[in-house]
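Colleague: Using my numbering, the first residue of the sequence shown is number 1224, and each one after it goes up by one. Every residue gets a Cβ at the ideal spot worked out from N, C-alpha and C, and that includes glycine.
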Amino acid sequence: MSTETASGGFALHTESMTGLHWLGVALATITGVIHLWLAYAFRADETALAVAFLIAAVGFFGGVAAVLLDYRRRLLYVLGIPFTAGQIPIWYVVNAPNFGATGIADKVVQVVLIVVLAVLYRRES
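(1) Kindly list the residues whose CB is nearer than 7 Å to the CB of Y1344, restricted to its own chain and excluding five residues on each side of it in sequence; keep chain order.
(2) If we call anything under 8 Å between Cβ atoms a contact, is A1273 one with R1266?
(3) In terms of residues, what are the limits of the alpha helix (DSSP H) holding A1288?
(4) Contact check, G1303 vs L1340 under 8 Å by CB: the rounded distance?
(5) Can you grab the Cα-Cα spacing for the pair I1257 / S1348, in whole Å?
(6) Can you confirm whether the segment 1234 to 1242 touches the segment 1278 to 1285 when touching is taken to mean that 3 or more C-beta pairs between the two stretches lie within less than 8 Å?
(7) Just to confirm the assignment, what range does the alpha helix (DSSP H) spanning G1303 have?
(8) Around the C-beta of G1242, are 16 or more other C-beta atoms found within 10 angstroms, so that it is buried, or is it exposed?
(9) According to the Cβ coordinates, are I1253 and V1332 closer than 8 Å?
(10) Less than 7 Å between C-beta atoms, sequence neighbours within five positions excluded: which residues of the same chain meet that for G1286?
(11) Near L1292, which residues of its chain fall below 8 Å by C-beta distance, leaving aside the five closest residues on each side in sequence?
Pasting the structure below:
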């Protein structure tokens, strides 16, 4: 289903999206929301960390928007894999040995997102 906005600007192009695309959108949205919440939570005490979380959230939400707009999806898959994967070792270094449930859940979501992005890239090659 393709949907045109009221202003005639951007149009969603979801007709070519499969269940795997939607799973990727859901996973990226979940980790984006977690990072946005963390940016808010760290805003007063750890400004640099809050900014890093905000940048990550914007990256995930930007990727979701681009996929929904069908803007260079294959490139997004390729860029999304290291963007997401790079956060895992950083999280480990920053949090070791005290890993919270939110962080662990977020990393599980991110690992599944990496798999989804890799499969989507291979399917669309």
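Modeller: Straight from the coordinates:
(1) R1297, Y1300, V1301
(2) Cβ distance < 8 Å, so A1273 and R1266 count as in contact.
(3) Counting along the chain, the alpha helix (DSSP H) containing A1288 begins and ends at 1270 to 1291.
(4) At roughly 5 Å, the Cβ-Cβ gap stays under 8 Å, so G1303 and L1340 are in contact.
(5) 31 Å
(6) no
(7) 1296 to 1308
(8) exposed
(9) yes
(10) Cβ-Cβ distances below 7 Å link G1286 to A1251, L1299, G1303 in the same chain, with the five nearest sequence neighbours on each side left out; the list follows chain order.
(11) F1233, A1234, L1235, H1236
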